[in-house]
């Protein structure tokens, strides 16, 4: 594994990234909640980009992977700011944003802030507004009281250690919601969702589809695919959707 480069944000956070030089529009991978840029989808897309001579960027939000900071100090707004900072610093011109899970929410936020940088968007099990519409919604009265009292609750995870959910994450998430009003995306959009996804419900994909305002927006359900969306068939579909958006 090669050593990453680092970008310092205006708030002093050190964001680890790997950039592949190549032709534009470039492709940017936005990872998920508590994941990192060494995941299967990020590496598969990087390999594809290198084979195509296409510019590519993958990075870790603060508190994730090789970037600075503690996970429990961060929130959606911080991670969106991290993404915007490194993208504006190390890429040029329009980009195709590939957002996995939380990365789909981050992409939606950025589509409002730096719309001129979007050549397209591919969402993989995109999870906009999940802190409110999934986490907070499903908390028990005990968990809500504990969060308000202690500022932290631990949620079980299928991917390893429990997820530490902070009051800051939930509170900030309410300031970052993207599905409470129309979401203009005047560029090609491809949304991918597995029917066996235990983390993001099908209705989330349909709700996102309904909120996006655009002339070239498509949602594809893949029967039997789970939240990882990383088997060879799913990876091939992701690459095909990126190619379709670029075309």
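Residue numbers (full-length UniProt numbering): 1 to 247. Note that beta-carbon positions come from the ideal geometry of N, C-alpha and C, so glycine has one too.
Check each candidate in 176, 224, 97 and 72 and name the one with the smallest Cα separation from residue 164. Translated into positions along the chain shown, residue 164 becomes position 164. Nearest of 176, 224, 97 and 72 to residue 164, Cα basis: 72.
When you compare each of 15, 204, 187 and 188 to residue 195 by their alpha carbons, which one comes out closest? Here residue 195 is taken as the residue at index 195 of the chain shown, counted from 1. Nearest C-alpha to residue 195: 204.
With a CB to CB cut of under 8 Å and the five nearest residues on each side skipped, what residues in its chain are close to residue 237? Within the chain shown, residue 237 is the residue found at index 237, counting from 1. Closer than 8 Å at Cβ, skipping near neighbours: 192, 220 and 222.
Can the beta-carbon of residue 120 be found less than 7 Å from the beta-carbon of residue 107? As a working note, residue 120 is residue 120 in the chain shown. As a working note, residue 107 is residue 107 in the chain shown. In this structure, residue 120 lies away from residue 107, with their beta-carbon atoms at least 7 Å apart.
Label residue 171 either buried or exposed according to how many other C-beta atoms from any shown protein chain fall within 10 Å of its C-beta, with 16 as the threshold for buried. For the purposes of this step, residue 171 is taken as residue 171 along the chain shown, with counting starting at 1. By the Cβ neighbour-count rule, residue 171 is exposed, with fewer than 16 other Cβ atoms within 10 Å of its own.
Any alpha helix (DSSP H) of 4 or more consecutive residues that is wholly inside the UniProt domain "Serine aminopeptidase S33" (47-133): If we require 4 residues or more, the alpha helix (DSSP H) runs fully inside the UniProt domain "Serine aminopeptidase S33" (47-133) come out as 76-90 and 102-113.
With respect to the beta strand (DSSP E) encompassing residue 221, which residues constitute its N-terminal and C-terminal limits? Translated into positions along the chain shown, residue 221 becomes position 221. For residue 221, the enclosing beta strand (DSSP E) stretches over residues 217-222.
Going by beta-carbon coordinates alone, are residue 67 and residue 78 separated by less than 7 Å? Start at 1 with the first residue of the chain shown, and residue 67 comes out as number 67. Start at 1 with the first residue of the chain shown, and residue 78 comes out as number 78. Not a contact, by the Cβ cut-off of 7 Å.
To the nearest angstrom, report how far apart residue 233 and residue 92 are at their CA atoms. Working through the chain shown from its first residue, we reach residue 233 at position 233. Working through the chain shown from its first residue, we reach residue 92 at position 92. As the crow flies, the alpha-carbon of residue 233 is around 31 Å from that of residue 92.
Buried versus exposed call for residue 159 [16 or more other C-beta atoms within 10 Å across all chains shown]: Counting from one through the chain shown, the residue named residue 159 turns up at place 159. So residue 159 ends up on the exposed side.
Taking the continuous beta strand (DSSP E) assigned at residue 166, which residues delimit it? Taking the chain shown and counting its residues from 1, the one referred to as residue 166 is at position 166. First-last of the beta strand (DSSP E) with residue 166: 163-166.
Short of 8 Å in beta carbon distance, which residues of its chain neighbour residue 215, apart from the five on each side in sequence? Order them along the chain. By 1-based counting over the chain shown, the position of residue 215 is 215. Correct list, in chain order: 186.
Which residues share a DSSP beta bridge with residue 19? Within the chain shown, the letter at position 19 stands for residue 19. Residue pairing by DSSP places residue 19 opposite 57 in a beta bridge.
Considering Cα atoms alone, identify which of 200, 210 and 50 is closest to residue 102. Position 102 of the chain shown, counting from 1, holds the residue named residue 102. Here the closest residue by C-alpha is 200.
Using C-beta distances below 6 Å, list every residue in its chain close to residue 10, excluding the 5 sequence neighbours before and after it, in chain order. If you number the chain shown from 1, residue 10 lands on position 10. Excluding sequence neighbours, residue 10 sits near nothing in its chain.
Using 10 angstroms around the beta-carbon of residue 184, count the other beta-carbons present and answer buried if the total reaches 16, otherwise exposed. Counting from one through the chain shown, the residue named residue 184 turns up at place 184. By the 10 Å Cβ count, residue 184 comes out exposed.
Whose CA, out of 208, 157 and 153, lies closest to the CA of residue 179? Looking up residue 179 in the chain shown gives position 179. Cα-wise, what sits closest to residue 179 is 208.
Where residue 181 and residue 132 are concerned, what is the direct C-alpha to C-alpha distance, given to the nearest angstrom? As a working mapping, residue 181 is identified with position 181 in the chain shown. As a working mapping, residue 132 is identified with position 132 in the chain shown. Taking the straight line joining both Cα atoms gives about 15 Å.
Host alpha helix (DSSP H) of residue 206 (start-end): Residue mapping note: residue 206 aligns to position 206 of the chain shown, counting from 1. First-last of the alpha helix (DSSP H) with residue 206: 202-211.
With hydrogens ignored, establish whether the beta-carbon of residue 33 is closer than 6 Å to any heavy atom of the ligand NAP. The ligand NAP is absent from the structure shown, which contains no ligand whatsoever.
Neighbourhood of residue 217 by C-beta distance below 6 Å, restricted to the same chain and skipping five residues each side: Mapped onto the chain shown, residue 217 falls at position 217. For residue 217, where only same-chain residues beyond five positions count, the Cβ hits under 6 Å are 189.
Helix, strand or coil: how does DSSP classify residue 8 here? Mapped onto the chain shown, residue 8 falls at position 8. Three-state DSSP puts residue 8 in a strand.
How is the beta strand (DSSP E) around residue 189 delimited, first residue to last? Counted from its first residue, the chain shown places residue 189 at position 189. Note, residue 189: beta strand (DSSP E), 189-194.
How far does the alpha helix (DSSP H) with residue 235 in it reach, from first residue to last? Against the chain shown, residue 235 aligns to sequence position 235. Unbroken alpha helix (DSSP H) run through residue 235: 232-246.
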